[in-house]
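Trainee: Okay, here's the structure, questions in a sec.
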Ligand code: CTP
Ligand code: MG
């Protein structure tokens, strides 16, 4: 796996890819160093983005502060010891404030930790180092700091967009294509979200690296595949593969190793240990759950300091390559990600997907359905090539073999694709969305399987209700969990959506116009309609209605009373759950909590 994280050779020239590429990681500067003679490239590779993100994390720290106004002091203090690239601010779910500081180099970070890193003497815990720290207030003396040369890069940078604001904006868009683009730009995982996810991975690496040689913790799934939205979970994989250099037969001093003994699989034993270590040694990790009897054993935990929920598994490189594949498809044409976002959002709204595992479709197979649709030849051509074409033009540098000899070889450098092999269709997002619903309204789910390898329907090898070929392990069906009822619901919902979209884009602009009818929950929409005041078209937030004082309109009909009561109850339950969650986490972390007045 050394190929994946080869270091980028520093030859001096900074090369900004951001404008060229329809980057999935919006503010990723991707400043990679290239030879002066290098011609500008249209696409960068996944490996380059990952290397960039890992390098950023290696020179970054997350520091808990009292509030965003701690910026001047933190900047002043740290810049005495090291140069700073930038500081981002965010709040976690408990309302605590944090700053992610990116230093100019990893050496800078080491310097700063050597000069200013300390432990809290009073706490009855065993000291440990990780990139998550807090900024101590100085008792009795006020230090003077020069005014920072830069400003905070962002304030409250992980706050998801307010739904009412989003819908207001969508209602002002001129076209459905604009709506899809706005939805994408406002809900996609932003730069800080990505940085934090790499910090969480880095934290595990720094804590575990003395236990495993060449250990790496890599984010995969929606955090890195370009289809992640704000607040998405973080899938992590732990690998400790040996490089060629580490296994050089000419080196004569060979490490004694520890073999994993006992009846159970070594992965299970290691994951069990991970669970223990995460619980005991990882600052910020709470609610650790071990799911060790699954085909792929995982440890789930909530990372409170970053507000990210994590799923850690062991040695699952095929998942990483799958993420790379999705990332490549998303990079190939600027319509792929916005279209996938709206479809994932629609599926969530109509209840086709659900955050809990079950007999329904999940985001990953749904994304494959979108890619498959984009591979179809419409009147004006296709958008994406089949995977078999991407494999055909792969070179020896593209060879990747995952566990169990699973072949994950496909072209990595998209610049090598002939221009006529993608982006042929000129249809806008609105047309593509409608075509997606129409395509699956007519799809023969009974006899056909969806295969992005072929880019065309293939015969189903069994009679499972929904068959979506796993692009990397083609003998597997990624939607084997989907029940007959859920598949029927999928067919019905695509038909409804096609009808809804068609009827809502013709004629006058109503409240349901365009996307609004597709991605706003029907109950919420019905209620909002009732709550509209005069012609002002200002929406009243449903939650506002159920504040302490009862502001509900007594004139609402019986039906709306019922609906309001239902929503009120849901809101109450939500509030209660939030409260309970907060209480639990407070208790769980009591021993680690630093008194507010001690933090700057
Ligand atoms: N994956 C896979 N085969 C499957 C399921 C998942 O290879 N049968 C890989 C994919 O790379 C997927 C990742 O595991 O992206 C994580 O799966 P999951 O969390 O279910 O999907 P995400 O793409 O991360 O979407 P979400 O935002 O819903 O978490
Ligand atoms: Mg995921």
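Residue numbers (the working numbering): 29 to 628. Yeah, the Cβ is synthetic: ideal placement off N, Cα and C, and Gly gets one too.
1) Pop quiz: residue 342 and residue 295 are said to be a contact at Cβ under 8 angstroms. What is the actual Cβ separation, rounded to whole angstroms?
2) Do three or more CB pairs link the region 246-265 to the region 330-349 at distances below 8 angstroms?
3) Express the C-alpha separation of residue 174 and residue 104 in angstroms, rounding to a whole number.
4) Check whether the region 504-514 touches the region 423-438, taking contact to mean three or more Cβ pairs, one atom from each stretch, closer than 8 angstroms.
5) To the nearest angstrom, report how far apart residue 54 and residue 192 are at their CA atoms.
6) Closest to residue 253 by C-alpha separation, out of 482, 368 and 140, would be which residue?
7) Is residue 225 closer than 9 angstroms to residue 14 when the C-beta atoms are compared?
8) Let's see if you can read the secondary structure: which residues bound the beta strand (DSSP E) around residue 114?
9) Would a C-beta distance cut-off of 9 angstroms place residue 81 and residue 223 closer than the cut-off?
10) Is the distance from the Cβ of residue 158 to the Cβ of residue 385 below 9 angstroms?
11) Do the CB positions of residue 96 and residue 171 come within less than 9 angstroms of each other?
12) When burial is assigned at 16 or more other CB atoms within 10 Å of the CB, is residue 116 buried or exposed?
13) Examine the ligand CTP and report whether any of its heavy atoms sits within less than 8 angstroms of the Cβ of residue 338.
14) Kindly examine the ligand MG and report whether one of its heavy atoms sits closer than 8 angstroms to the Cβ of residue 483.
15) Kindly indicate the opening and closing residues of the beta strand (DSSP E) around residue 326.
16) Do residue 359 and residue 442 come within 9 angstroms of each other at the CB atom, strictly closer than that value?
17) For residue 634 and residue 317, what's the separation of their Cα atoms in angstroms?
18) Skipping 5 residues on each side, what residues in its chain have a beta carbon closer than 7 angstroms to that of residue 611?
19) What ranges does the beta strand (DSSP E) occupy inside the region 95-183, keeping only unbroken runs of at least 3 residues that lie completely in it?
20) Closest to residue 12 by C-alpha separation, out of 68, 425, 269 and 469, would be which residue?
21) Just how far apart, CA to CA, sit residue 309 and residue 501?
22) Should residue 322 go down as buried or exposed, given a rule of 16 or more other Cβ atoms within 10 Å for buried?
23) Could you tell me whether any non-hydrogen atom of the ligand CTP is closer than 8 angstroms to the CB of residue 250?
24) Cα separation between residue 472 and residue 519?
25) What did DSSP end up calling residue 258 once you bin it into helix, strand or coil?
26) Is it a yes or a no for the region 186-203 touching the region 343-362, going by three-plus beta-carbon pairs under 8 angstroms?
27) Given a cut-off of 9 angstroms on the beta-carbon distance, is the pair residue 464 and residue 547 in contact?
28) Taking all protein chains shown into account, do 16 or more other C-beta atoms lie within 10 angstroms of the C-beta of residue 488, making it buried, or fewer, making it exposed?
29) Mind checking whether the beta-carbon of residue 260 lies closer than 8 angstroms to any heavy atom of the ligand MG?
30) Starting from residue 314, follow the alpha helix (DSSP H) in both directions and report where the run begins and ends.
31) Three or more beta-carbon pairs under 8 angstroms between the region 299-306 and the region 269-282, yes or no?
32) Taking the C-alpha atoms as reference points, what is the distance between residue 234 and residue 248?
Mentor: Taking the geometry as given:
1) Residue mapping note: residue 342 aligns to position 314 of the chain shown, counting from 1. Residue mapping note: residue 295 aligns to position 267 of the chain shown, counting from 1. Going by Cβ atoms, the distance from residue 342 to residue 295 rounds to 5 angstroms, so yes, they are a contact pair.
2) yes
3) Taking the first residue of the chain shown as position 1, residue 104 is located at position 76. Taking the first residue of the chain shown as position 1, residue 174 is located at position 146. Taking the straight line joining both Cα atoms gives about 6 angstroms.
4) no
5) In the chain shown, residue 54 corresponds to position 26, counting from 1. In the chain shown, residue 192 corresponds to position 164, counting from 1. Per-residue confidence for residue 54 stands at a pLDDT of 42, beneath the threshold of 50, marking its modelled position as unreliable; no derived number is given.
6) Reading the chain shown from its first residue, position 225 is the one you call residue 253. Of the candidates 482, 368 and 140, the one whose C-alpha sits nearest the C-alpha of residue 253 is 368.
7) This structure cannot speak to residue 14, because the chain is shown only from 29 to 628.
8) In the chain shown, counting from the first residue as 1, residue 114 sits at position 86. Counting along the chain, the beta strand (DSSP E) containing residue 114 begins and ends at 112-119.
9) The residue you call residue 81 lines up with position 53 of the chain shown. The residue you call residue 223 lines up with position 195 of the chain shown. Their beta carbons are under 9 angstroms apart, which means residue 81 touches residue 223 by this criterion.
10) What you label residue 158 is simply residue 130 of the chain shown in a count that begins at 1. What you label residue 385 is simply residue 357 of the chain shown in a count that begins at 1. Their beta carbons are not under 9 angstroms apart, which means residue 158 does not touch residue 385 by this criterion.
11) One-based indexing of the chain shown puts residue 96 at position 68. One-based indexing of the chain shown puts residue 171 at position 143. Going by C-beta atoms, residue 96 is not nearer than 9 angstroms to residue 171.
12) Against the chain shown, residue 116 aligns to sequence position 88. Classification of residue 116: buried, given that the 10 Å Cβ count is 16 or more.
13) Taking the first residue of the chain shown as 1, we reach residue 338 at position 310. It does not: the Cβ of residue 338 is nowhere closer than 8 angstroms to a heavy atom of the ligand CTP.
14) The residue you call residue 483 lines up with position 455 of the chain shown. No, Cβ of residue 483 sits at least 8 angstroms from all heavy atoms of the ligand MG.
15) On the chain shown, position 298 is the one that residue 326 refers to. Residue 326 -> beta strand (DSSP E) spans 326-331.
16) Working through the chain shown from its first residue, we reach residue 442 at position 414. Working through the chain shown from its first residue, we reach residue 359 at position 331. Yes; because the gap between Cβ atoms is below 9 angstroms, this pair is in contact.
17) The chain is shown only over 29 to 628; residue 634 falls outside these bounds and no answer can be derived.
18) Walking along the chain shown from the start, residue 611 turns up at place 583. Note that residue 611 scores 34 on pLDDT, short of 50, meaning its location in the model is unreliable and no value can be drawn from it.
19) 112-119, 125-131 and 160-162
20) Beyond the ends of the chain as shown, which are 29 and 628, falls residue 12; an answer cannot be given.
21) Within the chain shown, the letter at position 281 stands for residue 309. Within the chain shown, the letter at position 473 stands for residue 501. Going by the C-alpha atoms only, they are around 36 angstroms apart.
22) Here the question's residue 322 lines up with position 294 in the chain shown. With fewer than 16 other Cβ atoms within 10 Å, it is exposed.
23) The residue labelled residue 250 in the question sits at position 222 within the chain shown. Within the cutoff, so yes.
24) For the purposes of this step, residue 472 is identified with residue 444 of the chain shown, where counting begins at 1. For the purposes of this step, residue 519 is identified with residue 491 of the chain shown, where counting begins at 1. The straight-line gap from Cα to Cα measures roughly 10 angstroms.
25) Position 230 of the chain shown, counted from the start, is the residue given in the question as residue 258. Coil.
26) no
27) The residue given as residue 464 occupies position 436 in the chain shown. The residue given as residue 547 occupies position 519 in the chain shown. No, they are not a contact pair.
28) On the chain shown, position 460 is the one that residue 488 refers to. So residue 488 ends up on the buried side.
29) The residue labelled residue 260 in the question sits at position 232 within the chain shown. Correct: residue 260 has its Cβ closer than 8 angstroms to the ligand MG.
30) As a first step, residue 314 must be located in the chain shown, where it is residue number 286. Note, residue 314: premise wrong, no alpha helix (DSSP H); beta strand (DSSP E) at 313-319.
31) no
32) Here residue 234 corresponds to residue number 206 of the chain shown, with the count starting at 1. Here residue 248 corresponds to residue number 220 of the chain shown, with the count starting at 1. Going by the C-alpha atoms only, they are around 18 angstroms apart.
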